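What follows is one structure encoded as structure tokens, with my remarks underneath.
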Amino acid sequence: MALQLLLLDVWGILASILVGALIYFLGGAFAVEYLILMFVFLIAGTAVTVMGKEKKESIGIYEYGRSWQNVLANGLVPIIAILLNMPHAYFGAIASITADKFSSEIGSLGGTPIFLGNLKPAKKGTSGAVTLMGTIAGLIGAEIIAISVYLLFPGVRMGHVLLLPFIGVVGSFADSVAGIFETQGIGNKATSNIAGAVCGAIMAELFFSMFR
11 MALQLLLLDV
21 WGILASILVG
31 ALIYFLGGAF
41 AVEYLILMFV
51 FLIAGTAVTV
61 MGKEKKESIG
71 IYEYGRSWQN
81 VLANGLVPII
91 AILLNMPHAY
101 FGAIASITAD
111 KFSSEIGSLG
121 GTPIFLGNLK
131 PAKKGTSGAV
141 TLMGTIAGLI
151 GAEIIAISVY
161 LLFPGVRMGH
171 VLLLPFIGVV
181 GSFADSVAGI
191 FETQGIGNKA
201 TSNIAGAVCG
211 AIMAELFFSM
221 FR
């Protein structure tokens with residue numbers, strides 16, 4: 011039942027186990043904390059995915075049985091951050107993928123999406139489009155990660171906690187910008203997710219290093 015709640019197909023479940031194992035075995039002294047933070051993303055992401063399920067189904071944007079590509083797209087950058095011993099980058103990547111998840115899932119429930127490629131209204135679920143509701147939801151999602159980081163990692167400063175939600179939203183917007191290229195046949199949802207996570211990881215590493 012718990013695995014079903016993650017909304018993954020069989021390969022997605024296997025990929026999630028692999029990602030979790032890599033985070034745990036590569037995480038060193040903070041392996042458990044890194045893994046818990048990823049679980050926070052998974053639980054929160056699952057909650058907003060099933061939110062408004064009937065409405066999403068009615069407009070054809072509810073996703074069933076997400077695959078290994080989706081799992082690896084979300085897990086790749088955090089794992090690289092751990093390999094490079096860059097915890098701030100890990101935080102930024104998780105904040106970004108969480109903000110994107112909240113933005114896309116909650117944003118589809120209300121408001122008119124605006125396509126960033128031409129700033130014109132677009133259909134719900136269009137890659138590269140954003141809504142005000144989605145942006146606010148993304149900020150809330152990244153704030154959940156920021157609070158979790160503060161509770162899990164005692165060395166993190168309050169200033170970083172306040173900055174992380176905004177980094178997450180910028181990462182989410184980077185995902186949406188990459189989505190513009192999706193509509194042109196360049197890349198896909200996975201590459202857009204990776205782009206957003208990379209943006210968040212780099213921003214967190216830079217800004218957290220500047221404001222120690």
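For the sequence shown, the numbering used here begins at 11 and goes up steadily by one.
For glycine and all other residues, C-beta sits at the position ideal for the given N, C-alpha and C.
Keep in mind it's a predicted model, so treat the numbers as computed, not measured.
**Study point:** Cβ-based burial, Ser219 [other Cβ within 10 Å; buried from 16]
**Key:** Answer is exposed; the Cβ neighbour count stays below 16.
Check your understanding: Near Gly189, what residues of its chain come up, given a Cβ to Cβ distance below 6 Å and the 5 sequence neighbours on each side ignored?
Key -> Answer for Gly189: Ser137, Gly138 and Ser202, listed in chain order.
Review point. Terminal residues of the continuous alpha helix (DSSP H) containing Tyr160?
Key: Counting along the chain, Tyr160 sits inside the alpha helix (DSSP H) bounded by residues Leu142 to Leu162.
Check your understanding: Straight-line CA distance for Ile33 to Ser158?
Key -> Between Ile33 and Ser158, the C-alpha separation is close to 17 Å.
Exercise for review: Please confirm whether any heavy atom of the ligand GTP lies closer than 7 Å to the CB of Ala205.
Suggested key: The ligand GTP is not part of the structure shown, which contains no ligands of any sort.
Exercise for review: Can you tell me the Cβ-Cβ gap for Ala152 and Ala105, rounded? I've got them flagged as a contact below 8 Å.
Suggested key: About 4 Å; that satisfies the 8 Å criterion.
Exercise for review: Whole angstroms is fine: what's the gap from Gly38's alpha carbon to Phe101's?
Suggested key: Rounded to the nearest angstrom, the two C-alpha atoms are 16 Å apart.
Practice item. Between the Cα of Gln79 and those of Phe191, Leu24, Asn95 and Ser186, spot the shortest distance and give me the residue it belongs to. Key: It is Leu24 whose Cα lies nearest to the Cα of Gln79.
Exercise for review: Would you mind listing the alpha helix (DSSP H) stretches within the region 53-110 that are 4+ residues and don't spill past its ends, in chain order?
Suggested key: Annotation note: the region 53-110 contains the following uninterrupted alpha helix (DSSP H) runs of length 4 or greater, listed N- to C-terminal: 63-68 and 78-93.
Point to revise | The alpha helix (DSSP H) enclosing Leu36, as first and last residue numbers | key: From DSSP, the alpha helix (DSSP H) with Leu36 extends over Val20 to Leu36.
**Study point:** CB of Val180 within 8 Å of CB of Met213, strictly
**Key:** By the CB criterion at 8 Å, Val180 and Met213 fall inside the cutoff.
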